[in-house]
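Undergrad: Questions regarding the structure given below will be posed in turn.
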Amino acid sequence: MRAKQMIVAGLCLAGLMFAGNAVYAAGQYGPGVTDTEIKIGNTNPYSGSASSYGINGKVHAAYFNMINEKGGINGRKINYISRDDSYSPPKTVEQVRQLVEQDKVFLLFGTLGTPPNMAIHGYLNENKVPQLFVATGADQWNDPKHFPWTLMWLPSYGIESHIYANYILKNLPNAKIAVLYQNDDYGKDYLNGLRAGLGDKAAKMIVATQSYETTDPTVDQQVVALQGSGADVLLTAAIPKFAAQTVRKVYDIGWKPTHFLNSVGNSVGLVMKPAGLEKGVGIISATFFKDPTDPQWQNTPEYKEWLAFMNSHGFSGSITDSQAVVGYSYAQTMVEVLRMCGDNLTRENVMKQAASLHDFKLPMLLPGITLNTSADDFDPIKQMQLQKFDGTTWQLFGDVISGSGT
Amino acid sequence: MAATLRAGTAKLGMETRSVTSVGVWRWLGSAVLIAVAIVLPFTLSNYHVFQLTQVMIYAIAVLGLNILTGYNGQISLGHGGFFAAGAYTAAILMHRYGVPYWATLVPAALVCFVLGVLFGLPALRFEGPYLALVTLAMAVAMPQLLKYFDTWTGGQQGITLVKPTPPSELGLDRDRWLYFFVLVVLLVAMRLAANLLNGRTGRAFVAIRDHPIAAAAMGINTARYKTLAFGTSTLFTGVAGALAAIVIGFVAPESFTLFLSLSFLIGSSVGGIATIGGAIVGGFFIEFVPNFANDISDAAPWAIYGLTLLLFMYVMPRGVIGTIGPWLAHTVQRFGSARRAAK
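These protein sequence lines map, in sequence, to chains B and L. Mapping of the first sequence onto our numbering: position 331 corresponds to residue 331, and the numbering continues sequentially without gaps. Quick note: to get our numbering, add 1000 to the position in the second sequence (first position is 1).
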């Protein structure tokens, strides 16, 4: 009798422990997560003037679908809800509030554009909703102290500029540097990044700076003034229209500086062709992902896998669009972070995991470039490789260089 | 214009015949609507309360446009620009000078009134489609001007504002507090518009719209009233812009694109261009139809939007209130006379 009671008691205890274990195995969940689903929200401009960026959201959706078809992440499928904000900040606020309060998403992922992200920055941080991998490059997004729920992805403008500084210090130690920049936060990020990268040599090495307003008709005057300073290195932080003018003017006045052109303004179609292809020979710029039109990648398994993904998801018309490469890499990063979370899918843990990326490789980034984050560094990509324009395309050269932004 | 003229005289005729019964019913209707507006936010989620707040803000902006386009016959494609001016006035006052949010409405109104009058002066020389083009210039220039004066406007980055804190003694959360704040402004705006439009000034506006030469012959100073219509109109829209800045907590040039101006005109036409109540219907249309279109079709939301717009304009060519309003008044009046006949 006594033995029987003991066994029953033992079984009960075991049962209780089991039940406890079962609860533990089901994991800790934040809003929008169940045993079978993780709900993720996004806004993208599918209509309006910035709609060409909308390919990002479409590629995310297709990639998550593909992951779901393969069984999801730790058995959970991603329910990706992407809403159109037309790149209009008030609309972004409304859509994001709907995503958070009505759809009850777990987190926001890859929301696109500086102004739309600015509009939801405070709201998401106030409500402790992760704003993961914002699709914008301004330096201010990397601010874990004040905005612990916002994490970026793209190498910031400051980091890119820092990388040019590192190259200059190593290869052109006696350079006299002139800077042409757009007179706003974007242009100033470049100027500050360069200064930070040059350190105490900045004051001596930077001999002249000139800025332009986006409303200026040309930058000819600024280019002439910079030439007059006697500089032998030029850093241009300009959007495509003014980048093209600069490339042309520098060539036309017979100035031959080592010319660094920011990645925002290095498009062959939008900048180099309008400026005159021969005028851009020798210009240096930086990049971090595999250009889908560059023949050197087209025989690699990584490119072929991307191409197969693109073709099988109805994106055959976008296989020259670098935005599709970026969107694909964003989605892969998201999947990795969710995988790292395991069954602990709370908002706190997803931020913790996103801030503990260590040498994470992505197939469509340049070889050698990895994602790294920490509790006080919320910008995953800090490396780029330099490339030189040969009159037709950009040719990569040298090693991958790191920068640390401003 | 002839149609609106007929509608206008018909309406005037009815009002003189049976002022009391229509008046009482209208008063009762308004009381019920206001009661609903007060109770509603307590039955809805915060998100929906926020959406209704947006509706009311758009309604105030559309009301401004109705004064100009509906009552005075001047078409504006540029009211998004004045909305932006109001928003930035409020944002700059709050951000740079620490002015409390509620105190920014009057300065925003004044700034936009002056802007509107200044804009209305050259607009005197233009009519119809030509005026529409002149105002279009305002709408397309505004985002770039905002970027140009970036020391004041924050340029591309815009201005992030501190969200208003609701007064603690009311026990309302921020969304509901802002809802009631905007509701009060909307009611005041509608009352002011009604006083203006039902009086001497309103009659002058309508007379100029319907027949400018006849109006001038009657001794109406057309230039003065047209400019006044412009200024009053942009004043309302500017206040709406200031409210939008307060409620969203952020302004940037991208918030005020040409499409916003078009939305106001669409909202105005759908609601009933020469009505006051139509502005609210317009606000609902601007806020909800794009979302509704998106929910129906991801692939072609703007086709659905266009279709909805066509449907509205076919079924109710004078706008929702412009069509239903006279019908309601007519029914009430018939009901009233039938009752009197029975006695």
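Even glycine gets a Cβ: it sits at the ideal position worked out from N, Cα and C.
Quick one: grab the DSSP three-state call for serine 374 of chain B.
TA: Start at 1 with the first residue of the first sequence, and residue 374 of chain B comes out as number 374. For serine 374 of chain B, the three-state secondary structure derived from DSSP is strand.
Undergrad: Starting from tyrosine 1314 of chain L, follow the alpha helix (DSSP H) in both directions and report where the run begins and ends.
TA: Translated into positions along the second sequence, residue 1314 of chain L becomes position 314. Start and end: 1301–1315.
Undergrad: Run down chain L in chain order and give the residues with a C-beta less than 9 Å from the C-beta of proline 89 of chain B.
TA: As a working mapping, residue 89 of chain B is identified with position 89 in the first sequence. Ordered by position in chain L, the residues that pass the 9 Å Cβ test against proline 89 of chain B are Gly1158, Ile1248, Phe1250, Val1251, Ala1252, Glu1254 and Ser1255.
Undergrad: To which residues of the same chain is isoleucine 369 of chain B closer than 6 Å at the C-beta, ignoring the five residues directly before and after it?
TA: Within the first sequence, residue 369 of chain B is the residue found at index 369, counting from 1. Correct list, in chain order: Phe288, Gln383 and Val400.
Undergrad: Measuring straight from C-alpha to C-alpha, what distance separates tryptophan 1152 of chain L and arginine 76 of chain B?
TA: By 1-based counting over the second sequence, the position of residue 1152 of chain L is 152. By 1-based counting over the first sequence, the position of residue 76 of chain B is 76. When rounded, the distance between both Cα atoms is 48 Å.
Undergrad: Just how far apart, CA to CA, sit aspartate 408 of chain B and leucine 1258 of chain L?
TA: Because chain B is modelled from 1 through 406, residue 408 of chain B falls outside the range shown and cannot be assessed.
Undergrad: Return no unless some Cβ of chain B is closer than 8 Å to the Cβ of proline 1166 of chain L.
TA: Translated into positions along the second sequence, residue 1166 of chain L becomes position 166. Output row for proline 1166 of chain L: interface = no.
Undergrad: Taking one C-beta from the stretch 1247–1266 of chain L and one from the stretch 83–96 of chain B each time, how about it: are there three or more such pairs within less than 8 Å?
TA: Short answer: they touch.
Undergrad: Contact check, tyrosine 330 of chain B vs asparagine 142 of chain B under 8 Å by CB: the rounded distance?
TA: Translated into positions along the first sequence, residue 330 of chain B becomes position 330. Translated into positions along the first sequence, residue 142 of chain B becomes position 142. Incorrect: roughly 16 Å between the Cβ atoms, too far for contact.
Undergrad: Whose Cβ in chain B lies nearer than 8 Å to the Cβ of proline 1317 of chain L?
TA: On the second sequence, residue 1317 of chain L is found 317 positions in, with the first residue counted as 1. What proline 1317 of chain L touches in chain B: nothing, since even the nearest Cβ is about 27 Å away.
Undergrad: At 9 Å on the CB atoms, spell out the chain L contacts of aspartate 407 of chain B, in chain order.
TA: No information on residue 407 of chain B is available, as it lies outside the stretch 1 to 406 that chain B covers here.
Undergrad: How about leucine 1347 of chain L and methionine 1094 of chain L: are their beta carbons less than 8 Å apart?
TA: In this structure chain L extends from 1001 to 1343, so residue 1347 of chain L is not present and cannot be described.
Undergrad: Looking at chain L, which residues of the stretch 209–220 of chain B have a Cβ within less than 7 Å of any of its Cβ atoms?
TA: Answer in chain order: Glu213, Thr214 and Thr215.
Undergrad: How would you write the range of the beta strand (DSSP E) that asparagine 44 of chain B sits in, first residue to last?
TA: In the first sequence, residue 44 of chain B corresponds to position 44, counting from 1. From DSSP, the beta strand (DSSP E) with asparagine 44 of chain B extends over 37–44.
Undergrad: Taking 8 Å as the cut-off, decide whether the C-beta atoms of asparagine 79 of chain B and histidine 60 of chain B are in contact.
TA: Residue mapping note: residue 79 of chain B aligns to position 79 of the first sequence, counting from 1. Residue mapping note: residue 60 of chain B aligns to position 60 of the first sequence, counting from 1. Cβ distance not < 8 Å, so asparagine 79 of chain B and histidine 60 of chain B don't count as in contact.
Undergrad: Below 8 Å on the Cβ atoms is my contact criterion, and I expect threonine 1069 of chain L with isoleucine 1075 of chain L to pass it. Report the Cβ-Cβ distance as a whole number of Å.
TA: For the purposes of this step, residue 1069 of chain L is identified with residue 69 of the second sequence, where counting begins at 1. For the purposes of this step, residue 1075 of chain L is identified with residue 75 of the second sequence, where counting begins at 1. Indeed, because the Cβ distance is near 5 Å, the residues count as touching under 8 Å.
Undergrad: On the CB-based measure, 16 or more other CB atoms within 10 Å of its CB, does serine 1255 of chain L come out buried or exposed?
TA: The count along the second sequence starts at 1 and reaches residue 1255 of chain L at position 255. Buried, by the Cβ-count rule.
Undergrad: Identify the continuous beta strand (DSSP E) that holds glutamine 140 of chain B and give its terminal residues.
TA: Reading the first sequence from its first residue, position 140 is the one you call residue 140 of chain B. Looking at the DSSP string, glutamine 140 of chain B is not in any beta strand (DSSP E), and its letter there is neither H nor E.
Undergrad: Please list, in chain order, the residues of the stretch 109–133 of chain B that have any C-beta partner in chain L closer than 9 Å.
TA: Gly113, Thr114, Pro115, Pro116, Met118, Ala119, Ile120, His121, Gly122, Tyr123 and Glu126
Undergrad: What did DSSP end up calling tyrosine 87 of chain B once you bin it into helix, strand or coil?
TA: Here residue 87 of chain B corresponds to residue number 87 of the first sequence, with the count starting at 1. Tyrosine 87 of chain B: coil per DSSP, three-state reduction.
Undergrad: Mind checking if leucine 345 of chain B is an interface residue toward chain L, Cβ cutoff 8 Å exclusive?
TA: The count along the first sequence starts at 1 and reaches residue 345 of chain B at position 345. No, leucine 345 of chain B does not count as interfacial toward chain L.
Undergrad: Thinking C-alpha only, which one of L/Thr1104, L/Leu1235 and L/Phe1284 is nearest histidine 1048 of chain L?
TA: Residue 1048 of chain L sits at position 48 when you count from the first residue of the second sequence. Checking every option, the nearest Cα to that of histidine 1048 of chain L belongs to L/Phe1284.
Undergrad: For chain L, find out if any of its Cβ atoms is closer than 8 Å to the Cβ of aspartate 143 of chain B; answer yes or no.
TA: Along the first sequence, read from residue 1 onward, the residue named residue 143 of chain B stands at position 143. Contact of aspartate 143 of chain B with chain L is not assigned, every C-beta pair being separated by 8 Å or more.
Undergrad: Do three or more CB pairs link the stretch 199–208 of chain B to the stretch 171–184 of chain B at distances below 8 Å?
TA: yes
Undergrad: Evaluate the contact criterion for the stretch 242–259 of chain B versus the stretch 215–224 of chain B: three or more CB pairs, one atom per stretch, below 8 Å.
TA: yes
Undergrad: Can you pull the chain B neighbours of glycine 1155 of chain L, defined as C-beta to C-beta under 8 Å?
TA: What you label residue 1155 of chain L is simply residue 155 of the second sequence in a count that begins at 1. By Cβ distance, chain B contributes Asp184 and Asp185.
Undergrad: Residues in its own chain within less than 6 Å of valine 100 of chain B by CB, not counting five upstream and five downstream?
TA: As a position in the first sequence, residue 100 of chain B is number 100, starting the count at 1. Taken in chain order, the residues that qualify are Val129.
Undergrad: Spatial neighbours of valine 1289 of chain L within its chain, please: CB distance less than 7 Å, with the 5 preceding and 5 following residues excluded, ordered by chain position.
TA: Position 289 of the second sequence holds residue 1289 of chain L. So the list reads Tyr1305 and Thr1308, once near-sequence residues are dropped.
Undergrad: Mind checking who valine 400 of chain B pairs with in its DSSP beta bridge?
TA: Position 400 of the first sequence, counted from the first residue, corresponds to residue 400 of chain B. The partner list for valine 400 of chain B (beta bridge, DSSP) reads B/Gln385.
Undergrad: If you count every other CB in all the chains shown that lies within 10 Å of the CB of alanine 1031 of chain L, and 16 or more means buried, which is it?
TA: Position 31 of the second sequence, counting from 1, holds the residue named residue 1031 of chain L. Burial call: exposed.
Undergrad: Determine the extent of the beta strand (DSSP E) in which leucine 112 of chain B is found, giving its start and end residues.
TA: Counting from 1 along the first sequence, the entry for residue 112 of chain B is found at position 112. Counting along the chain, leucine 112 of chain B falls outside any beta strand (DSSP E), and DSSP gives it neither H nor E.
Undergrad: Which residues, in order along the stretch 47–63 of chain B, keep a beta-carbon less than 8 Å from a beta-carbon of chain L?
TA: Ser47, Gly48 and Ser49
Undergrad: What residues match up with leucine 345 of chain B in a beta bridge as DSSP calls it?
TA: Against the first sequence, residue 345 of chain B aligns to sequence position 345. Partner(s): B/Tyr29.
Undergrad: Any idea if phenylalanine 378 of chain B is buried or exposed, counting beta-carbon neighbours within 10 angstroms, 16 or more meaning buried?
TA: Numbered from its first residue, the first sequence carries residue 378 of chain B at position 378. Counting Cβ neighbours within 10 Å, phenylalanine 378 of chain B comes out buried, since at least 16 surround it.
Undergrad: In the DSSP assignment, what are the bridge partners of asparagine 79 of chain B?
TA: In the first sequence, counting from the first residue as 1, residue 79 of chain B sits at position 79. Answer is B/Lys39, bridged to asparagine 79 of chain B.
Undergrad: In terms of alpha-carbon separation, which member of B/Asn74, B/Ser47 and B/Thr114 lies closest to serine 82 of chain B?
TA: Here residue 82 of chain B corresponds to residue number 82 of the first sequence, with the count starting at 1. It is B/Ser47 whose Cα lies nearest to the Cα of serine 82 of chain B.
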